[in-house]
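Have a look at the structure below, then the notes.
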Amino acid sequence: MGLLKKRKILSDVAVNDCNDRANILLCSDKNVIRGLGVTVISVLENMTMPCAIHIAFNGTLPEDEEARFTQIAKKYQVPFCIYWIDDSTIQHLNSNSYITITAYYRLLMPYIMNDIGIEKCLYLDTDILCVHDIADWYKQPLHNMVAAVTKDATSQPGLRENKTCHKLGMKGTDYFNSGILLMNIPEYVKYDIGNKAIELCSDQKFGEMDQDVLNILLEGHVVFDESYAYNCGMSVRNSEVPECIYMVHFTGAKKPWKLCVSELKNGTMALFDQHSWKYSYYEVWRKYAKISPWREIPFDLPKNYREWRYLANMYFKTGQFRLGIEAYLKYLACKRDK
1 MGLLKKRKIL
11 SDVAVNDCND
21 RANILLCSDK
31 NVIRGLGVTV
41 ISVLENMTMP
51 CAIHIAFNGT
61 LPEDEEARFT
71 QIAKKYQVPF
81 CIYWIDDSTI
91 QHLNSNSYIT
101 ITAYYRLLMP
111 YIMNDIGIEK
121 CLYLDTDILC
131 VHDIADWYKQ
141 PLHNMVAAVT
151 KDATSQPGLR
161 ENKTCHKLGM
171 KGTDYFNSGI
181 LLMNIPEYVK
191 YDIGNKAIEL
201 CSDQKFGEMD
211 QDVLNILLEG
221 HVVFDESYAY
231 NCGMSVRNSE
241 VPECIYMVHF
251 TGAKKPWKLC
261 VSELKNGTMA
271 LFDQHSWKYS
281 YYEVWRKYAK
291 ISPWREIPFD
301 LPKNYREWRY
311 LANMYFKTGQ
321 FRLGIEAYLK
331 YLACKRDK
């Protein structure tokens with residue numbers, strides 16, 4: 001039995017060759033569909049070349065969500081393909097409350113895409129926001145490289161270069177973030193990157209899970225972008241923000257669909273905040289959400305004491321002190337009861 005269990009095409013757009021399009025790959029379960037949807041909308045709104053959307057889905061796709069995907073496919077006239085895969089080889093791998101087994105689907109999907117003749121794809125995490133045209137970046141020649149990648153941002157300057165790379169046994173100091181991967185599929189399959197990554201993840205525990213493993217395996221086989229233009233994560237400091245950002249990556253716990261960031265915007269009070277650039281992009285994410293089929297879905301309520309603290313901080317920053325005090329009291333109560 002192959003990796004592909006089922007494939008469903010939601011659009012009626014006739015496509016003879018997906019290689020004439022930008023193939024956008026995302027992996028999801030029912031818990032992050034809204035984030036995925038807004039990511040897709042932002043890409044389709046900004047891309048000047050035709051796209052094809054590929055989604056590896058874990059579990060049963062709810063009927064209302066399938067209807068939303070179909071709505072997007074018709075509006076933008078794009079092929080919209082859903083894949084269900086045999087994930088038995090990754091079920092035992094390490095996961096946590098933020099990173100589930102579904103994250104490992106990106107290791108397997110290139111094999112399936114190779115089987116159906118797709119030569120290049122752009123993998124995106126479901127917390128990515130595209131804010132400018134990325135067609136030129138997608139079109140860049142990869143030659144014999146496995147992928148084009150982007151530098152990983154951390155809250156501790158020099159962490160990757162001075163510690164992580166050495167700890168992983170890497171020869172150099174180029175450590176990338178695996179949330180955005182422009183993949184050369186034939187080369188990926190030739191080097192059997194996915195199966196090697198699963199084997200490494202099975203043998204050892206890594207702090208950044210398959211991201212660490214991909215950095216080990218792909219060293220010397222990637223086009224490395226030193227800037228944050230195509231992957232501007234939340235740890236990027238104001239002084240490091242590029243003049244033009246193409247993709248924003250909402251790394252960390254403060255996802256843009258959560259209530260605790262729902263009113264952050266350009267001009268939010270940010271004294272001594274080295275990362276205040278990101279506030280305006282929460283507002284931009286909401287703009288794309290409002291033109292998506294998920295526009296009526298409310299923001300996610302706090303699920304733990306940390307998110308109540310984040311909510312209190314947001315209210316204080318936006319001058320809503322009564323709400324801030326109420327949220328802070330809930331934070332104290334949740335922390336006491338945890």
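Residues 1 to 338 in the UniProt record's numbering are what the sequence shown lists, from first letter to last.
Backbone N, C-alpha and C fix where the C-beta goes; we use that ideal spot for every residue, glycine too.
- Nearest in C-alpha terms to Ser95, of all of Gln140, Gly207 and Cys232, is Gly207.
- For the set Tyr288, Ala289, His275 and Asp300, the Cα lying nearest the Cα of Gln156 is the one of His275.
- When rounded, the separation of the alpha-carbon atoms in Met209 and Phe316 is 35 Å.
- Considering only Ala56, Trp285 and Asp300, the residue with the shortest C-alpha distance to Tyr123 is Ala56.
- Within the DSSP bridge table, the entry for His54 names Leu25 and Cys81 as partners.
- In terms of CA proximity to Glu63, Lys30 leads the group Gln77, Leu36, Gly35 and Lys30.
- DSSP lists no bridge partner for Leu311.
- In this structure, Trp294 and Arg34 form a Cβ contact; the two beta carbons are roughly 5 Å apart against a cut-off of 8 Å.
- The residue among Met269, Tyr282, Ser292 and Arg21 with its C-alpha nearest the C-alpha of Lys139 is Arg21.
- Taking the CA atoms as reference points, Asn304 sits about 19 Å from Glu263.
- Of Asn195, Gly319 and Cys18, the smallest CA-CA separation from Pro50 is found for Cys18.
- By the neighbour-count criterion, in which 16 or more other beta carbons inside 10 Å mark a residue as buried, Ile116 falls on the exposed side.
- For Asp127 against His249, the beta-carbon gap comes to about 7 Å, under 8 Å, which counts as contact.
- The bridge partners DSSP lists for Arg7 are Tyr83.
- Tyr281 is positioned such that its CB atom lies no closer than 9 Å to that of His132.
- Note on geometry: alpha-carbon atoms of Trp277 and Asn238 lie some 6 Å from one another.
- Taking 9 Å as the cut-off, the beta carbon of Ile198 is found closer than this to the beta carbon of Thr89.
- Sorting Gly319, Ile291 and Lys258 by C-alpha distance to the C-alpha of Trp308 places Lys258 at the top.
- The continuous beta strand (DSSP E) containing Val222 extends over residues Val222 to Asp225.
- The residues Asn94, in chain order, have a CB closer than 7 Å to that of Lys205 in the same chain once the five nearest residues on each side in sequence are set aside.
- The Cβ atoms of Pro79 and Ile185 do not sit closer than 9 Å to each other.
- Within the same chain, Cβ atoms closer than 7 Å to the Cβ of Ala289 are found at Val38 and Arg295, the five residues on either side in sequence being excluded.
- Going by DSSP, Ile180 is part of the beta strand (DSSP E) stretching over Phe176 to Asn184.
- Inside the UniProt domain "Glycosyl transferase family 8 C-terminal" (284-335), DSSP marks no whole beta strand (DSSP E) run of 3 or more residues.
- Around the CB of Lys120, 16 or more other CB atoms lie within 10 Å, so the residue is classed as buried.
- Taking C-beta atoms as the reference points, Leu214 and Leu181 count as a pair closer than 9 Å.
- The beta carbon of Cys81 sits closer than 8 Å to those of Arg7, Lys8, Ile9, Leu10, Ala52, Ile53, His54 and Ile55, all from its chain and outside the five residues before and after it, given in chain order.
- In the same chain as Thr251, and ignoring 5 residues on each side of it, the C-beta atoms closer than 6 Å to its own belong to Gly233 and Met234, in chain order.
- For Ile116, there is no enclosing alpha helix (DSSP H), as DSSP marks it with neither H nor E.
- Here the C-alpha atom of Asp300 lies approximately 17 Å from the C-alpha atom of Glu65.
- In this structure, Ala148 lies near Val223, with their beta-carbon atoms less than 9 Å apart.
- In the displayed model, His249 falls within a strand according to three-state DSSP.
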